[in-house]
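Protein chains in written order, with our numbering: chain G, 13 to 266; chain E, 13 to 266; chain U, 776 to 1287; chain C, 776 to 1287. Beta carbons are placed, not taken as given, at the ideal position from N, Cα and C, and that holds for glycine. Small disclaimer: the values here were computed from a predicted structure and weren't measured. First up is the structure itself, then whatever we jot down about it.
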Amino acid sequence: MNIGQSGLVKPYGDTLDDGKVQLSFTLPIEWSEAADEAARQLVAKMGFADVQVVEGRRIATGFSFFVVYGSSTQSIDASKIAAPSAKAHAMSMEEIDALLRDRLGRKVRVAGACIGTDAHTVGIDAILNMKGYKGDYGLERYQMFETFNLGSQVAVEEFVRIAKDRQIDALLASQVVTQKGSDVKNFTALVELLEAEDLRDQVVLICGGPRVTNLMAAEMGYDAGFGRGTLPSEVAGFIATRLAERVEKTRGQR
Amino acid sequence: MNIGQSGLVKPYGDTLDDGKVQLSFTLPIEWSEAADEAARQLVAKMGFADVQVVEGRRIATGFSFFVVYGSSTQSIDASKIAAPSAKAHAMSMEEIDALLRDRLGRKVRVAGACIGTDAHTVGIDAILNMKGYKGDYGLERYQMFETFNLGSQVAVEEFVRIAKDRQIDALLASQVVTQKGSDVKNFTALVELLEAEDLRDQVVLICGGPRVTNLMAAEMGYDAGFGRGTLPSEVAGFIATRLAERVEKTRGQR
Amino acid sequence: MELRIDPSVVAACRSLAARVARPVEEFIAGHSTVAVERSVLRLLGVDGVNAEEIPLPNLLVDSLSPEQRAQGVALAFGRALAETGLEPAALAEEIAAGRTTLAAYDATPAAAARGALAPHVERAMARIAGRREERRAALERAPQGEPPLLYVIVASGNIYEDRTAAVAAAEAGAQIIAVIRSTGQSLLDFVPYGPTTEGFGGTYATQANFAIMREALDVIGEKLGRYIMLTNYASGLCMPEIASMAALERLDMLLNDSMYGILFRDINMKRTFVDQHFSRMLNAYSGIIINTGEDNYLTTADAVEQAPAVLASQFINEEFAHRAGMPDRQIGLGDAYEIDPALQDGFLFQVAQAQLTRQIFPDAPLKYMPPTKHMTGDIFKGHLIDAMFNLTSVMTKQTIHLCGMLTEAIHTPFLGDRALAIENARYVMNTARHFGDEISFKPDGLIETRARDVLRDCRTLLEKVEARGLMDSIAAGVFADVKRPPDGGRGFDGVFARGEGYYNPFEEALRA
Amino acid sequence: MELRIDPSVVAACRSLAARVARPVEEFIAGHSTVAVERSVLRLLGVDGVNAEEIPLPNLLVDSLSPEQRAQGVALAFGRALAETGLEPAALAEEIAAGRTTLAAYDATPAAAARGALAPHVERAMARIAGRREERRAALERAPQGEPPLLYVIVASGNIYEDRTAAVAAAEAGAQIIAVIRSTGQSLLDFVPYGPTTEGFGGTYATQANFAIMREALDVIGEKLGRYIMLTNYASGLCMPEIASMAALERLDMLLNDSMYGILFRDINMKRTFVDQHFSRMLNAYSGIIINTGEDNYLTTADAVEQAPAVLASQFINEEFAHRAGMPDRQIGLGDAYEIDPALQDGFLFQVAQAQLTRQIFPDAPLKYMPPTKHMTGDIFKGHLIDAMFNLTSVMTKQTIHLCGMLTEAIHTPFLGDRALAIENARYVMNTARHFGDEISFKPDGLIETRARDVLRDCRTLLEKVEARGLMDSIAAGVFADVKRPPDGGRGFDGVFARGEGYYNPFEEALRA
Ligand code: B12
Ligand code: B12
Ligand SMILES: Cc1ncc(COP(=O)(O)O)c(C=O)c1O
Ligand SMILES: Cc1ncc(COP(=O)(O)O)c(C=O)c1O
């Protein structure tokens, strides 16, 4: 890390701690030199120093677009950010299968779906389908997973019903549409329903999608969350490790 | 203007007052999921709500690049921004020549230069040279201007000396290089020297360059400042109007 | 910049497509759907919703007995018209209010029904023809400008914000505005009613929303001296209804694909085939250009592999469109720029595909979709991929050009995104305006060979489909890797066989 | 993708260039400059500054009497070496300290001076040859990767921040790093000393800075398995000195133009002509690729109009380079993508120009400069213009590719800007890698016609210059619209006629 003594980091333009940030936005005002100045003052109010409006132009009647550079006065202690990755369990397909065979001794039952009205199945398919993603095989290809890909637009109630009926070990929920917080709404509805049905502790509960982070997943009450660029083996590794741990724990309790 | 009742405007994404702003910056840290989270928290500290780190990646050892969207909580009263444009004097070459002939009755002597170590003459040439800029003729083409284009890298002392020697009416200083505030330094040095030599009130003092604004010019003690995309006739119009006003005033005083 | 391709292979593909469509057409001729019937009512002037927000066309069609339905709603409704002497709208209100029923007039002779319908049918046809004439006149007065025609989407969920966005886009240079539908609308078996201000990832397609947008675009088009086209989505469970609404509100284009609903929305195939036929008959008469959905093959699977499937789908869509009476100039076949940007020489493959399509369908207003699948949160990179797409489009003379958004992977477009996207297209298409005219391809080079390979594989695919039959092929997963059983999927219960004496007055009028 | 141009016109241009250069060469042969003499001292091992920060090479050369100077500094210095028996560095220190003077040894015979110089000359030549061999071996071990070679600038003003930026850029894919000089350095008649951390719009070119950067790039190059080239600027008042320093520190390229200083920095033309010659002899021997500055014609005037001047300058630069003993593979002639992005078909003109240059100078490592003049604060648009430039470069097989920065109009590049710029070039050049091989130009079309027009006008221009003489032509404002009198401009007082017995040991050694 190129951080100063303090451990604090700031945006880096071409010199340590210069704080340089690029911004762009539209303002609902007609363009003029005064509009440029309004943009400058607005960005200054946002807390930036050395604000330069490098582009300002009319893009439509009553709308102007701006490109602005400024120096942020904020900094952050990057070393203190707690954002454990759910991808930490890097294992190959063979290792994962072996782990499950040794520790669990049976096939893991996994169900995945694109919940709510979301129909973007490409992401969850990338995790589940045999073919996988970027050369990394999907869960269907693993010897120790039995997978149920429920496809798109699966209502939360339906998903929980299936989890119960088919004695699912790990539930994989996907949300790609995020407009107006619909992803968080649906994810939350799923946890709540699982809790209401006393199923929450029975399953490894995982969410995913391009805007998902592991931290956000934790906050919503999920075991893990996977974002853009996730590889199937990262998910498989997490499930296997988590289930193996549970077996340990149960043994320990006996 | 598409502004709400209050007169306050916020950035506009796709809905009035949603405050959406795009940011990009580099942090001097190695990329990881925690780095994404650091970026998110940093932008939140900058005062943005609904922060989404939509891209975060390693661009070099110890450096990560981010694209972020957030909602600004700041707004500004655009109607109260005072940024009078120096370009308000829209006149044609013929009108300007006529005005000068009528009111001043003699040719205006104009000197322009790229001051300090700056060698970017294209901008000042665009204003002065016969050819002009974007189809708008330069000052040399006007019947009522006598122009001295002193070229590049003209020291402030030299510029003031010439102003004195040649009885210049209007001084045009250009600065294109702005790194480390060199433009403001040179512009300020020029005003100060003119004042020291008791010449400031004798001349119409104008600055220009891609990062110049009329407001900044006023703050530095200039009569006007012209930024990107300036047309020669806008400058000529300003000079003519200002000189005509002075004549009125002087007459009034008598 | 001609590709030397074998015209006999092209001809073979066309005749295979004809043979693929024929048995489906026979099925279509013998069936109707609730959506077709509802659109008959809409054309007659039935609109509005009841207290439970159920649209009156649904209410009326759902109230039919199986026997009535088999004859088509027109007869039942015509009988009631004849007996009550009411206008269609008023009659529908009476029925909705429970003050009368369609069942009450079963005894009235069919001839009386037809007679009562005739003036309303005529009025509807005249209104549509009037709309078409309006468009013709407007385009003559204020031509659209040259293709590729810049097409952008608005999708805020709120029709009034969409209107603001659409007007701004038109000012920035957009020539076509598409209002994207809310998530899931294609699976609704009814059309929502009135102006709407809430939707997810899009704005509901309602007749009121159509009208609001049409008016705004007419005003700004007049101001700019350029007619601005309006488009929306038909494919889904309400294809024919949306086609009617679009005809009445002078939309200029509609997304309308003969198989999209089946493959990508799990709508029953019989339902879709019947619906697409009637909706396209309406589109043809309205002068509406259809846009087919081949881009969907490319967003769900690998674009290099799917190229032959795209071409096969284009042949099939063309064939179905012709059978609905559509001239080539209204058949906006789809393609998309979806090859992985990391693939070496991917641009060459895109040029090959786009030019191949251009040559095979010389008179079709091809619709070229932007990169979406490989777009990421890196808006800077995304803007570049869009630039290469814009270049390909102008080089190969695509007609309808959907402007790619640098924020594709992030959100439905912001007003500023749209301005940047249009600026991108305008810059690239201007600086390279005649580049395509000034170059030719190396004989038997990478580009030509790729085009030939795609054409050859398309023929093989169509042969397979023809051998098995289209319905069975879809059931077997030949297209887009999805398997759809002939009697599965949504909306199957809305398909029914036409009974003896089935009557759809618009079908007749449109055929005339 | 060959343009059909008339080879006889090309040959005519070449022989005109030869005739233009000949009289200038005669002048060069009879003259030297203070900068040439200072570089002789530097090569001999004189370095460092005195208490007033005056570099010792300047101190020594300025201490010469007119008679001594006319014979070249080597003889005076050689005499002192012979008499004092000191090493060159130590001798210079003595003189700087005022403990001796060069005037003191005038009586020593020239032969003794030559003898005393010989081992130092040999050592310098061996050191340069060693550096050259290092480069060869490094390139063999870790080849650079295929052209267009991605070249980026660093310009923070601080050599240590520049180093960080350079290493980061190399990791991102840069193949060549240029450290841009501080504003105004080219007008200094001395080379600053030591590592520097303050500069405006660039970082001072000092030998210490060269060494710091060379080391950092060797380390990262080793790690990446790709040799990373380093470049800086020679043209200016210290061309030959910078050429010596670059030779000693194994720079791989240098900006070195035979007329740039004259036209764009108002440096005296005689000074420049003499300086460029000796600096290029050194570059030739060091295996350093020169980069000429034709882009400057395009940033100061209209790019469409200036195209023939650019080509003419390329012919003249080539000719002067040949005369300094440079092989084609070291002559990096310049061109730039500067046509107004708003011009319709501007891209076609750019392709025409780039391909024309490629064909006329098939073995030259052409240096292609990015759009700068028409870049604005709209970084999104700027990124697109850069993309079209990247495409042109890969299509026409340019060799040295300066990556355009989306922030060109705003600031010297940020670390992130450079990453985006390299990503832009890599994406476009990969997706369209073989596009140029796969197309050909329409015979007599827009592109071919444009190329022929430029070539024809270039010939006319060269004819004019040949008729008038190069010096007079420059005085008359034939190039870039600027008029420079033969005895005007900066640095003229540093030019002097070689006297009887003038001796420059490196000139001899380099010619051998
Ligand atoms: C392909 C696509 C479609 C296809 C979907 C086909 C299909 N069967 O999936 C079609 C054309 C049908 C479509 C339709 C729509 N789409 Co769409 N679509 C896309 C697009 C272009 C690519 C998505 C994709 O496939 N990415 C590739 C996959 C591999 O990436 P991924 O989803 O991120 O998945 C990875 C990770 O996130 C993770 N992951 C994902 N899920 C899960 C789950 C678990 C458990 C785990 C562990 C991991 C995981 O692993 C995956 C592999 O690494 C995006 C834009 C974009 N470039 O992102 C828009 C996009 C997602 N669509 C959008 C919209 C609005 C729609 C529509 C609503 C538009 C409309 N009104 O018609 C419709 C409605 C669909 C619906 N009902 O949901 C918006 C969403 C805006 C937002 N942020 O809310 C986007 C961003 C486009 C835009 N800018 O407007 N779309
Ligand atoms: C052309 C150019 C050059 C040419 C200049 C040739 C010449 N004779 O002018 C050359 C190649 C020589 C050059 C050199 C350098 N350049 Co330079 N150059 C540019 C470039 C590409 C274009 C500038 C231009 O001509 N614009 C066109 C004119 C018409 O626009 P304009 O200047 O804004 O002028 C208009 C208005 O501002 C206004 N105006 C301007 N002045 C005045 C004055 C008055 C009185 C009025 C009324 C109006 C007015 O009217 C004009 C018409 O509308 C810019 C990047 C860019 N795209 O902006 C970099 C740029 C300005 N250069 C830059 C740098 C750093 C340099 C160097 C220092 C690099 C180096 N180390 O070698 C050198 C040093 C030069 C020096 N000593 O100053 C930086 C400045 C960074 C900063 N913000 O500080 C830029 C931004 C590039 C970059 N991103 O690094 N450069
Ligand atoms: C042909 C066609 N119709 C309709 C749609 C939109 O349908 P939905 O509302 O189902 O997303 C699309 C979307 O891509 C399409 O390609
Ligand atoms: C050939 C050549 N040499 C040198 C330079 C840089 O010189 P200066 O330091 O004068 O800006 C340039 C700049 O563009 C150039 O083209």
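- request: Output, in chain order, the set of chain G residues within a Cβ distance shorter than 7 Å of threonine 1075 (chain U).
  value: Here residue 1075 (chain U) is taken as the residue at index 300 of the third sequence, counted from 1. Within 7 Å Cβ-Cβ: Val134.
query: Closer than 7 Å: is that where the CB of tyrosine 24 (chain G) sits relative to any heavy atom of ligand 3?
result: The residue labelled residue 24 (chain G) in the question sits at position 12 within the first sequence. No - ligand 3 has no heavy atom lying nearer than 7 Å to the Cβ of tyrosine 24 (chain G).
task: Compute every distance between the C-beta of lysine 1148 (chain C) and the non-hydrogen atoms of ligand 2, then say whether any falls below 7 Å.
output: For the purposes of this step, residue 1148 (chain C) is taken as the residue at position 373 of the fourth sequence. Yes, ligand 2 has a heavy atom inside 7 Å of this Cβ.
- request: Let me know the secondary structure DSSP gives threonine 253 (chain G) once reduced to three states.
  value: Walking along the first sequence from the start, residue 253 (chain G) turns up at place 241. Three-state DSSP puts threonine 253 (chain G) in a helix.
field: Extent of the continuous beta strand (DSSP E) run through asparagine 198 (chain G)
entry: Locating residue 198 (chain G) in the first sequence gives position 186, where the first residue counts as 1. DSSP places asparagine 198 (chain G) in no beta strand (DSSP E) but in the uninterrupted alpha helix (DSSP H) bounded by 194-208.
- prompt: From methionine 228 (chain E) to glutamate 45 (chain G), what does the alpha carbon distance come to, in whole angstroms?
  reply: As a position in the second sequence, residue 228 (chain E) is number 216, starting the count at 1. As a position in the first sequence, residue 45 (chain G) is number 33, starting the count at 1. Each residue's alpha carbon lies about 12 Å from the other.
task: Would you list the one or two residues that DSSP bridges to arginine 1110 (chain C)?
output: Walking along the fourth sequence from the start, residue 1110 (chain C) turns up at place 335. What sits at residue 1110 (chain C) in the sequence shown is aspartate, not arginine. Paired residues: C:Tyr1143.
message: When you compare the region 1242-1255 of chain U with the region 1251-1271 of chain C, are there three or more beta-carbon pairs, one atom per stretch, that lie closer than 8 Å?
response: Not touching, per the Cβ criterion.
query: Just reading off the beta strand (DSSP E) that glutamate 158 (chain E) is part of, what are its end residues?
result: Position 146 of the second sequence, counting from 1, holds the residue named residue 158 (chain E). Boundaries of the beta strand (DSSP E) around glutamate 158 (chain E): 157-161.
Burial state of lysine 92 (chain G), where buried means 16 or more other Cβ atoms lie within 10 Å: As a position in the first sequence, residue 92 (chain G) is number 80, starting the count at 1. For lysine 92 (chain G), the number of other beta carbons within 10 angstroms of its own is below 16, and it is reported as exposed.
Check whether valine 172 (chain G) and leucine 211 (chain G) have beta carbons under 8 Å apart: Residue numbering aside, residue 172 (chain G) sits at position 160 when the first sequence is read from its first letter. Residue numbering aside, residue 211 (chain G) sits at position 199 when the first sequence is read from its first letter. When the beta-carbon positions are compared, valine 172 (chain G) and leucine 211 (chain G) come within less than 8 Å of each other.
Near-chain G residues of the region 1172-1205 of chain C - C-beta to any C-beta below 9 Å: Listed in sequence order: Thr1182, Ala1184, Ile1185, His1186, Thr1187, Pro1188, Phe1189, Leu1190, Gly1191 and Asp1192.
Cβ contact check for the region 1198-1211 of chain C and the region 1116-1127 of chain U: 3 or more pairs under 8 Å: With a cut-off of 8 Å, the region 1116-1127 of chain U and the region 1198-1211 of chain C count as touching, because enough Cβ pairs lie within range.
task: With hydrogens ignored, establish whether the beta-carbon of arginine 956 (chain U) is closer than 7 Å to any heavy atom of ligand 3.
output: Within the third sequence, the letter at position 181 stands for residue 956 (chain U). True, at least one ligand heavy atom lies under 7 Å from that Cβ.
message: I need the DSSP call for cysteine 1013 (chain C), collapsed to helix, strand or coil.
response: Stepping through the fourth sequence from its first residue, residue 1013 (chain C) is reached at position 238. Here cysteine 1013 (chain C) sits in coil by DSSP.
message: Pop quiz: alanine 51 (chain E) and valine 65 (chain E) are said to be a contact at Cβ under 8 Å. What is the actual Cβ separation, rounded to whole angstroms?
response: Taking the first residue of the second sequence as 1, we reach residue 51 (chain E) at position 39. Taking the first residue of the second sequence as 1, we reach residue 65 (chain E) at position 53. That pair is a contact at about 5 Å.
message: Which same chain residues end up closer than 7 Å to isoleucine 987 (chain C) when comparing Cβ atoms and leaving out the 5 residues on each side of it in sequence?
response: Indexing the fourth sequence from 1 puts residue 987 (chain C) at position 212. The answer, listed in chain order, is Ile934, Arg938 and Pro970.
message: Mapping the DSSP letters down to three states, classify arginine 1208 (chain U) as helix, strand or coil.
response: Taking the third sequence and counting its residues from 1, the one referred to as residue 1208 (chain U) is at position 433. Arginine 1208 (chain U) falls in the coil class under three-state DSSP.
task: Report the neighbours of glutamate 67 (chain E) on chain U: residues whose CB is nearer than 7 Å to its CB, in chain order.
output: On the second sequence, residue 67 (chain E) is found 55 positions in, with the first residue counted as 1. Per Cβ cutoff of 7 Å: Thr1151, Gly1152 and Asp1153.
- prompt: At what residue ranges does the region 1070-1122 of chain C contain a whole run of the beta strand (DSSP E), taking only runs of 3 or more?
  reply: Fully enclosed beta strand (DSSP E) runs of 3 or longer: 1109-1111.
query: Of all Cβ atoms in chain C, is any one closer than 8 Å to the Cβ of valine 63 (chain G)?
result: As a working mapping, residue 63 (chain G) is identified with position 51 in the first sequence. No, its Cβ sits nowhere closer than 8 Å to a Cβ of chain C.
task: Can you give me, in chain order, the residues of the region 932-945 of chain C that have a beta carbon less than 8 Å from any beta carbon in chain G?
output: Answer in chain order: Asn933, Glu936, Thr939 and Ala940.
task: Have a look at valine 134 (chain G) and alanine 1184 (chain U) and give me their C-alpha separation to the nearest angstrom.
output: Numbered from 1 along the first sequence, position 122 holds the residue referred to as residue 134 (chain G). Numbered from 1 along the third sequence, position 409 holds the residue referred to as residue 1184 (chain U). Valine 134 (chain G) and alanine 1184 (chain U) have their alpha carbons spaced roughly 13 Å apart.
query: Considering glutamate 1241 (chain U), what are the terminal residues of the alpha helix (DSSP H) in which it resides?
result: Working through the third sequence from its first residue, we reach residue 1241 (chain U) at position 466. 1221-1243 is the span of the alpha helix (DSSP H), which, as asked, contains glutamate 1241 (chain U).
- request: Check cysteine 788 (chain C) in the structure and name its three-state DSSP category.
  value: In the fourth sequence, residue 788 (chain C) corresponds to position 13, counting from 1. If DSSP states are grouped into helix, strand and coil, cysteine 788 (chain C) belongs with the helices.
query: Less than 8 Å separating the beta-carbons of threonine 1074 (chain C) and threonine 978 (chain C)?
result: Numbered from its first residue, the fourth sequence carries residue 1074 (chain C) at position 299. Numbered from its first residue, the fourth sequence carries residue 978 (chain C) at position 203. The answer is no: Cβ separation not under 8 Å.
field: Straight-line gap, tyrosine 154 (chain E) to threonine 262 (chain E) (C-alpha atoms, nearest Å)
entry: If you number the second sequence from 1, residue 154 (chain E) lands on position 142. If you number the second sequence from 1, residue 262 (chain E) lands on position 250. A direct Cα-to-Cα measurement between tyrosine 154 (chain E) and threonine 262 (chain E) gives close to 25 Å.
field: Contacting positions in the region 1206-1232 of chain U - beta carbon closer than 8 Å to chain C
entry: Along the region 1206-1232 of chain U, the positions whose C-beta sits under 8 Å from a C-beta of chain C are Thr1206, Ala1207, Arg1208, His1209, Phe1210, Asp1212, Glu1213, Ile1214, Ser1215, Phe1216, Lys1217, Gly1220, Leu1221 and Ile1222, read in chain order.
query: The alpha helix (DSSP H) with phenylalanine 985 (chain U) in it runs from where to where?
result: For the purposes of this step, residue 985 (chain U) is identified with residue 210 of the third sequence, where counting begins at 1. Start and end: 982-999.
field: Residues that DSSP places opposite phenylalanine 60 (chain E) in a beta bridge
entry: What you label residue 60 (chain E) is simply residue 48 of the second sequence in a count that begins at 1. Residue pairing for phenylalanine 60 (chain E): DSSP places it in a beta bridge opposite E:Ser84.
- request: With DSSP as the reference, label proline 967 (chain C) as helix, strand or coil.
  value: The sequence position of residue 967 (chain C) within the fourth sequence is 192, counting from 1. In this structure, proline 967 (chain C) counts as coil in the three-state DSSP scheme.
- request: For isoleucine 15 (chain G), name the three-state secondary structure that DSSP assigns.
  value: Start at 1 with the first residue of the first sequence, and residue 15 (chain G) comes out as number 3. Interpretation of isoleucine 15 (chain G) is limited by its pLDDT of 49, a score under 50 that renders its predicted location unreliable; no figure is taken from the coordinates.
field: Test: threonine 38 (chain E) CB closer than 8 Å to a CB of chain U
entry: Counting from 1 along the second sequence, the entry for residue 38 (chain E) is found at position 26. No, its Cβ sits nowhere closer than 8 Å to a Cβ of chain U.
message: By the DSSP assignment, the beta strand (DSSP E) with phenylalanine 1216 (chain C) in it spans what residues?
response: Within the fourth sequence, the letter at position 441 stands for residue 1216 (chain C). That run of the beta strand (DSSP E) goes 1214-1216.
task: Inspect the beta-carbon positions of alanine 125 (chain G) and leucine 151 (chain G) and report whether they are closer than 8 Å.
output: Against the first sequence, residue 125 (chain G) aligns to sequence position 113. Against the first sequence, residue 151 (chain G) aligns to sequence position 139. Contact: no.
task: Less than 8 Å between the CB atoms is what I'm expecting for aspartate 1070 (chain U) and methionine 1163 (chain U), so what's the real figure, rounded?
output: Within the third sequence, numbered from 1, the residue matching residue 1070 (chain U) stands at position 295. Within the third sequence, numbered from 1, the residue matching residue 1163 (chain U) stands at position 388. About 16 Å separates the beta carbon of aspartate 1070 (chain U) from that of methionine 1163 (chain U), a gap too long to meet the 8 Å contact definition.
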